Amino acid sequence: FGMFTGELTTVTLEAENHMAGVVIDRFGKDINISPIDDSRFQATVNVIVSPQFIGWIVALGKSIRITGPDAVVERMRDEIHRLSEQYQ
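Numbered by the numbering used here, the letters in the sequence shown go through residues 14 to 101 in order.
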């Protein structure tokens with residue numbers, strides 16, 4: 014997502030364990046990852062929240078979701094709503 018400029022935001026992701034490699038490939042090993050339970054983990058990443066970041070999360074499907082901050086979760090909801098309206 015490096016081609017976008019803007020404010021770097023700390024974003025919390027929740028994902029299924031099999032997505033750990035995908036998250037590490039994208040953000041590197043210097044991120045905070047902690048288990049939630051036997052099947053899921055939480056990762057804290059720094060990212061410029063861009064349309065490409067939102068699209069990347071959408072493309073990964075139900076195995077990953079943004080859990081914070083609230084403004085980024087709301088941005089995801091807005092994009093989902095926009096897409097829903099676009100494809101009615």
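Even glycine gets a Cβ: it sits at the ideal position worked out from N, Cα and C.
In this text, all values refer to a predicted model and were calculated from it rather than measured experimentally.
The alpha carbon of Val35 has as its nearest neighbour, out of Glu20, Gln99, Ser76 and Thr23, the alpha carbon of Ser76.
Membership of Ile61 in the beta strand (DSSP E) is indicated by the continuous run Arg53 to Ile61. DSSP lists Phe54 and Ile77 as the beta-bridge partner residues of Ala28. In this structure Glu27 does not touch Ser52 by the C-beta definition: roughly 11 Å separates them, more than the 8 Å allowed. Three or more Cβ pairs drawn from the segment 59 to 70 and the segment 88 to 96 lie within less than 8 Å of each other, which places the two stretches in contact.
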